[in-house]
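Data block below; observations after.
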Amino acid sequence: MIFNHLKITQNFNGIVLFLEEDHYVFPDFLHMLKLMRRVVPEKCPDCNLFGLGHNPKPRSVVDYMGLSDQARVVQWNNQGFAFDRQFWQGLSSQTCSDMFCQY
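The sequence shown begins at -18 in the numbering used here and counts up by one.
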């Protein structure tokens, strides 16, 4: 839907961002997202989706300043996602649809 049916994204090849409705981003967010995209080919060539944010369990006082310089490869979360057309085409492919429906 995102890339296929919206006029504004039909020729767009950049990253699309989805955030939970009650979340917000810091002023340097776009800059950091660009940096993350730049290091992916070298540091994590199989990564094709950015999961944005992580809720520590159990909820407790967290040293966010101490964690602010980290990036991790972790399971999905639902706070936000960033991905591009190539990822969307793979996700919406018939193969992926068949796997989802048969799971």
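Ideal placement from N, C-alpha and C gives every residue a C-beta, glycine not left out.
Can the beta-carbon of residue i be found closer than 9 Å to that of residue j?
i, j, result
"R19", "F31", "no"
"L(-16)", "F(-7)", "Note on identity: in this sequence residue -16 is Phe, with Leu being the wrong assignment. A contact, by the Cβ cut-off of 9 Å."
So, for residue i: in the same chain, excluding its five sequence neighbours on each side, which residues have a beta-carbon less than 6 Å away from its beta-carbon?
i, result
"N29", "F68"
Identify which residue in the options has its Cα closest to the Cα of residue i.
i, options, result
"G(-5)", "C82, D3 and L14", "L14"
"L33", "M80, A63, D79 and V(-3)", "A63"
"H4", "S78, M80, G71 and G61", "G61"
"H(-14)", "Q83, R66 and D9", "R66"
"Q(-9)", "P8, F81 and Q70", "Q70"
Spatial neighbours of residue i within its chain, please: C-beta separation below 8 Å, excluding the five flanking residues on both sides.
i, result
"F81", "none"
Quick one: residues in its chain with C-beta nearer than 7 Å to the C-beta of residue i, no 5 flanking neighbours on either side, listed in chain order?
i, result
"C77", "G71"
"F7", "none"
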